[in-house]
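Colleague: Residue 228 in my numbering sits at position 85 of the sequence shown; the count goes up by one each step and never skips. Here a beta-carbon is modelled for each residue, glycine too, at the ideal position from N, C-alpha and C.
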Amino acid sequence: MDAMINICEMTASDTEAVAAMEESIFTTPWKLRDFEDLLDQPDRGCIVAKSGDMIVGCAVFHNIVGDVDITNVQVKEAYRGKGIGKRLVKAAMEKARAAGGERFTLEVRESNLAAISLYESLGFTVEGKRKNFYENPREDALIMWNRKARNNL
Ligand SMILES: CC(C)(COP(=O)(O)OP(=O)(O)OC[C@H]1O[C@@H](n2cnc3c(N)ncnc32)[C@H](O)[C@@H]1OP(=O)(O)O)[C@@H](O)C(=O)NCCC(=O)NCCS
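(1) Would you check if the distance between the CB atom of G243 and the CB atom of V218 is smaller than 8 Å?
(2) Is any heavy atom in ligand 1 found nearer than 7 Å to the beta carbon of N255?
(3) Excluding sequence positions up to five away, which residues of its chain have a Cβ less than 6 Å from the Cβ of C189?
(4) In angstroms, rounded to a whole number, what distance separates the CA positions of R240 and W288?
(5) Which of helix, strand or coil does DSSP assign to K272?
(6) Give every residue of the same chain whose Cβ lies closer than 7 Å to the Cβ of T170, excluding the five residues on either side of it in the sequence, and list them in chain order.
(7) Quick one: what does DSSP say V232 is sitting in, helix, strand or coil?
(8) By the three-class DSSP mapping on this structure, what secondary structure does M144 have?
(9) Using 8 Å for Cβ pairs, my map puts E237 next to L285. What's the rounded Cβ distance?
(10) May I ask whether a heavy atom of ligand 1 can be found less than 7 Å away from the beta carbon of L261?
(11) Taking the alpha carbon of Y277 as the reference point, which residue from V269, N255, S264 has its own alpha carbon closest?
(12) When you measure from the CB of A160 to every non-hydrogen atom of ligand 1, does any distance come out below 7 Å?
This is the structure in structure tokens:
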């Protein structure tokens, strides 16, 4: 774990840096507006990791009547492997649970072993697959669930 990393809720002044990070990491990136839409929402939110003033990661959740979709997780390449992704997802799950979330789900590229390991380390297991869910490149999505997060956080 990196003690110099601060985990907190995204604010309006963070959105441009988060969108720039998103664009540098994903082939089909969310837009600035997608992150702005997460501000001040009771059922969704974005947790960010900061090294000083610099955004180095984020995790997004959307609570749909108790089922929480973790819709976006990312850490800047130079900051990976330090436990930041795990801290981000954990914080997003805790925040979502405080807002009534009970079960957690997400989709992940079948080849994304780093992300799958991260989610497994937080109690998620694979429960299904969506054929050709992703583009650029086309790939199946694994559907993972954690239905007992209370015991795992
Ligand atoms: C997936 C991602 C967020 C992981 O972030 P990270 O900060 O490097 O992950 P952490 O250091 O918190 O690791 C969490 C767990 O996953 C495991 N893990 C992380 N990267 C791994 C890798 N490359 N290979 C194997 N396991 C890995 C760690 O061992 C750790 O497990 P542990 O707690 O049992 O020791 C990061 O690699 C990333 O941003 N990737 C690009 C964007 C992406 O794919 N996002 C997910 C979309 S679904």
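Modeller: From the atom records:
(1) With a cutoff of 8 Å on beta-carbon distance, G243 and V218 are scored as not near each other.
(2) Here the distance from the Cβ of N255 to the nearest heavy atom of ligand 1 is below 7 Å.
(3) The residues M153, L181, C201, V203, in chain order, have a CB closer than 6 Å to that of C189 in the same chain once the five nearest residues on each side in sequence are set aside.
(4) Their Cα atoms are separated by approximately 15 Å.
(5) DSSP places K272 in the strand class (E or B) of the three-state scheme.
(6) Scanning its chain for C-beta atoms nearer than 7 Å, with the 5 sequence neighbours on each side dropped, one finds around T170 the residues N279, in chain order.
(7) Reduced to three states, the DSSP call for V232 is helix.
(8) Residue placement at M144 is poorly supported in this model, since its pLDDT is 48, which falls under 50; the coordinates still yield a value, given next. Secondary structure of M144 (DSSP, three-state): coil.
(9) Not really, about 24 Å apart at Cβ, beyond 8 Å.
(10) Remark: the shortest separation between the CB of L261 and any heavy atom of ligand 1 falls under 7 Å.
(11) Checking every option, the nearest Cα to that of Y277 belongs to N255.
(12) No, the Cβ of A160 stays beyond 7 Å of every heavy atom of ligand 1.
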